[in-house]
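> This is the structure, below, for whatever I ask next.
Protein chains: 2
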Amino acid sequence: GIAPAVHAQAAIRWRLASSFPKSLDTIFGGAETFANAVRAMSGGKFEISVHAAGELMPAFGVVDGVQNGTVEVAHTAPYYFFGKDECFALGCAIPFGLNSRQTTAWMYEGNGLKLMREFYAKYNIINFPAGNTGAQMGGWFRKEMKSMADMKGLKFRIGGFAGKVIERIGGIPQNIPGGEIYQALEKGTIDAAEWVGPYDDQKLGFNKIAPYYYYPGWWEGGPQLDVFINQKAFDALSAENKAIVQAAAAQAHVTMQARYDAVNPGALKQLVGSGVKLRPFPQDMMNASFKASMELYSELNGKNPSWNKIYADLSKFRAEQNLWFRFTEAGFDRFMQAQKL
Amino acid sequence: GIAPAVHAQAAIRWRLASSFPKSLDTIFGGAETFANAVRAMSGGKFEISVHAAGELMPAFGVVDGVQNGTVEVAHTAPYYFFGKDECFALGCAIPFGLNSRQTTAWMYEGNGLKLMREFYAKYNIINFPAGNTGAQMGGWFRKEMKSMADMKGLKFRIGGFAGKVIERIGGIPQNIPGGEIYQALEKGTIDAAEWVGPYDDQKLGFNKIAPYYYYPGWWEGGPQLDVFINQKAFDALSAENKAIVQAAAAQAHVTMQARYDAVNPGALKQLVGSGVKLRPFPQDMMNASFKASMELYSELNGKNPSWNKIYADLSKFRAEQNLWFRFTEAGFDRFMQAQKL
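Each protein sequence line maps, in turn, to chains A and B. Position in the first sequence (first residue = 1) + 852 = our numbering. Position in the second sequence (first residue = 1) + 852 = our numbering.
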């Protein structure tokens, strides 16, 4: 039998603050996968309770919460915190950055995780990749976007860092919480709104009031979710539990992307069936957005030494990844996408 | 303190037979990642020793080895075993099948894992996804392939199931172990050979004797590696250790793909720098190969009831995935690949 001393010794209870509501089963689900795996692997001796945004702290309060030890762990999209430092965006997604697989490769087998951990250490945080949505959609527009000129003065609900680029191409970025977007779009307070992709967007019903659905979401080609863990809480874990946390995060990482990929096609089909007009962004708008993004990054290189260091590595990795992906990966995908299947 | 009874009770030793040589650090490394994670999470109480191909049994003997309990676990590419039953290929890669992300989505969040486990149960095996190489290259050719006609009579070293399609388009598939390919290609015993991708291929030096390097490897758009575990050995594990095995496999799954993605670009650059001629397969060859593959699958539907059942699900999933991936994922990638980065 097992000695009672072992039980008593091993009991660990953590609280996890998510930046997401329970209704987003995809992305909120990533935190649940993580916590369930930790519980199962530890035989219930390491329990992490998962709390939706607003339950313990606001969605955008979770970095403060982990930093000051109010909670041991958060599950979030790091780019929400670019206002503290633009480098948070580098750990998640920047306009014209990496796609999902490339982000994972940079983190696990490039210098990404090492560089981001150096940065997060300033906030008493150690991070583990724990999910990705894949390339997001460009969002819902009340009117058709025929060229770059249509961006001028457009009030566009867009999350976080990407707003800096929207401003540079003539748009007016609006920061509106998820629950209030529908009403703003319906009333015409805003002209367009981006959220995530077909499966999550469908729940919010944007197709009823903004029929044009644009792609690609060039500001998030593969945004990564992370678990942010208070460094002191992590350091206090046994070597076994540290390894358990790492593997549980990897499990959440792989299953969240799989879940998005599995559920998006059906949602897109239903949306198109309901009359949604699926459109690519005009080429001149793509080009202008790319140019504006590169100019922004150049300016940040001069202002923010951490950005300069991390972005130099990321952009070199990005160039190499695209050189490779354009041949066999893109060749295979392009052929398959052209077939009648 | 910990009671001695707990220690004695928990000591588990497994042997893992890999189908790969140690020299393939990418793919052999997946088994090491898996075993190291299990060891770390269990505090050394669950030890898996990792053995290269040939050490305990031949590369292609590992399914028999797990089935009859000679080893508890194998790490392999299931399509090697299509001679036992074509369904093994469905759990790994078939010509014009799914890409890496789509395979993972089908397994974790579609019906893939459920259907494959039903099938593997006949072999006393329970499987866990544990790696993917991404889309492989189409291989090394001594002469340029200008059209479909150049496939006629071509002696092509190609692994496993894809040979059935090569035959149908006029080629002569050759099954030659990795270590003997170079000599066969140098002597002209064969005209072409495929292996994996730039990083693994570079080690074997094919570029010195067959200058044309083709893409895409349409017969393996995202081949999955698995850990195959003897069902009785798995059933004997505690719930904690079962969860540890699952998470360790997920960790191997995500890190192997990341590793391939991180190392392939540099190898491709070096190969091209050494004079390799990178070429897409001629369009008529792609089309004929696709047609021949679909005909083969129709025939198998009539002959093999398990194939019929699993392929029906996979092909429906494939159609939906390509519908979705062609818009925002492909749109983002295509734009990025066209930029000067």
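For each residue, glycine too, the CB sits at the ideal point set by N, CA and C.
Looking at C-beta atoms only, is the number of pairs between the region 1139-1151 of chain B and the region 1139-1157 of chain A that lie closer than 8 angstroms three or more?
no
> For a quick check, are the C-beta atoms of histidine 927 of chain B and phenylalanine 886 of chain B less than 8 angstroms apart?
yes
> Identify the continuous beta strand (DSSP E) that holds glutamate 899 of chain B and give its terminal residues.
898-903
> Could you please give me the residues that DSSP links to phenylalanine 912 of chain A through a beta bridge?
None, per the DSSP bridge assignment.
> Looking at chain A, is there any beta carbon in it that lies within less than 8 angstroms of the beta carbon of asparagine 951 of chain B?
yes
> Contact defined as beta carbons within less than 8 angstroms: I believe proline 947 of chain B pairs with alanine 1014 of chain B. What is the distance between those atoms, to the nearest angstrom?
5 angstroms
> Buried or exposed: which applies to glutamine 1135 of chain B, given that a residue is buried once 16 or more other Cβ atoms fall within 10 Å of its Cβ?
exposed
> Kindly indicate which three-state DSSP category tryptophan 992 of chain B falls into: helix, strand or coil?
strand
> Quick one, are the C-beta atoms of leucine 868 of chain A and valine 923 of chain A less than 8 angstroms apart?
yes
> Checking 8 angstroms against the spacing of the C-beta atoms, do valine 890 of chain B and isoleucine 1096 of chain B come in under that value?
yes
> Flag this pair as touching only if the region 1042-1061 of chain B and the region 948-961 of chain B have three or more C-beta atom pairs under 8 angstroms; answer yes or no.
no
> Select from A/Met1137, A/Ile1024, A/Trp992, A/Ile864 the residue whose C-alpha is nearest the C-alpha of glutamate 1038 of chain A.
A/Trp992
> If you count every other CB in all the chains shown that lies within 10 Å of the CB of lysine 1241 of chain A, and 16 or more means buried, which is it?
Here chain A covers residues 853 to 1193 and nothing more, so residue 1241 of chain A does not appear.
> Among residues of its own chain, excluding the 5 on either side of phenylalanine 1194 of chain A, which ones have a beta-carbon nearer than 6 angstroms to its beta-carbon?
Nothing can be reported for residue 1194 of chain A: it is not among the residues displayed for chain A, which extend from 853 to 1193.
> For the beta strand (DSSP E) that contains valine 925 of chain A, what are its first and last residues?
925-928
> I'd like to confirm the pairing. Which residues does DSSP put opposite aspartate 1078 of chain B in its beta bridges?
B/Thr928, B/Pro981
> Terminal residues of the continuous beta strand (DSSP E) containing glutamine 1026 of chain A?
1024-1026
> So, using beta-carbon positions, are isoleucine 977 of chain A and valine 914 of chain A closer together than 8 angstroms?
no
> Using a Cβ cut-off of 7 angstroms, pull out every chain B residue sitting near isoleucine 1096 of chain A, in sequence order please.
For isoleucine 1096 of chain A, the chain B residues whose C-beta falls within less than 7 angstroms of its own C-beta are Met893, listed in chain order.
> Starting from isoleucine 1167 of chain B, trace the alpha helix (DSSP H) in both directions and tell me its first and last residue.
The sequence shown places serine at residue 1167 of chain B, not isoleucine. Residues 1157-1177.
> Go through its chain and collect everything with a Cβ distance to alanine 904 of chain A's Cβ below 8 angstroms, but skip five positions before and after it.
Here the set comprises Ser870, Phe872, Pro873, Lys874, Phe880.
> Any Cβ of chain A within less than 8 angstroms of the Cβ of histidine 1105 of chain B?
yes
> Give me the subset of the region 1131-1150 of chain B whose CB atoms are less than 7 angstroms from a CB atom of chain A, sorted by chain position.
Pro1132, Met1138, Phe1142
> Tell me, please, whether the region 1074-1081 of chain B touches the region 982-989 of chain B by the rule of three or more beta-carbon pairs shorter than 8 angstroms.
yes
> Interface residues of chain B around alanine 1001 of chain A at Cβ under 8 angstroms?
Those do not exist, as alanine 1001 of chain A stays about 20 angstroms from chain B at its closest Cβ, beyond 8 angstroms.
> Taking tryptophan 958 of chain A as part of the alpha helix (DSSP H), name the residues at either end of that continuous run.
952-961
> Taking asparagine 1082 of chain A and glycine 921 of chain A to be in contact with their CB atoms under 8 angstroms, please state how far apart those CB atoms are, rounded to whole angstroms.
5 angstroms
> So tryptophan 1070 of chain B contacts chain A; which residues on that side make the cut at Cβ distance below 8 angstroms?
Phe1184, Phe1187
> Give a yes or no on whether the minimum CB-CB distance between tyrosine 1067 of chain B and chain A is below 8 angstroms.
yes
> Determine the contact status of serine 840 of chain B and phenylalanine 971 of chain B, defining contact as a CB-CB distance below 8 angstroms.
For chain B, the structure presents residues 853 to 1193; residue 840 of chain B sits outside this window and is missing.
> By the criterion of Cβ-Cβ separation under 7 angstroms, what are the contact partners of glutamine 1054 of chain B in chain A?
None at all; the shortest Cβ gap to chain A is about 13 angstroms.
> Closer than 7 angstroms to a non-hydrogen atom of the ligand FAD - does that hold for the CB of lysine 1129 of chain B?
Looking for the ligand FAD in the displayed structure turns up nothing, as the structure carries no ligands at all.
> May I have a chain-ordered list of the beta strand (DSSP E) segments no shorter than 3 residues that lie completely inside the region 1120-1155 of chain B?
1129-1132
> Taking the alpha carbon of alanine 1102 of chain A as the point to measure from, which residue in A/Asn888, A/Ala863, A/Lys995 has its own alpha carbon closest?
A/Asn888
> Does the Cβ of glutamine 1026 of chain B have 16 or more other Cβ atoms within 10 Å, making it buried, or fewer, making it exposed?
Looking at its Cβ environment, which holds 16 or more other Cβ atoms inside 10 Å, glutamine 1026 of chain B is buried.
> Between the Cα of serine 952 of chain B and the Cα atoms of B/Phe898, B/Gly882, B/Asp1113, B/Lys1004, which residue gives the shortest distance?
That would be B/Asp1113, whose Cα lies nearest to the Cα of serine 952 of chain B.
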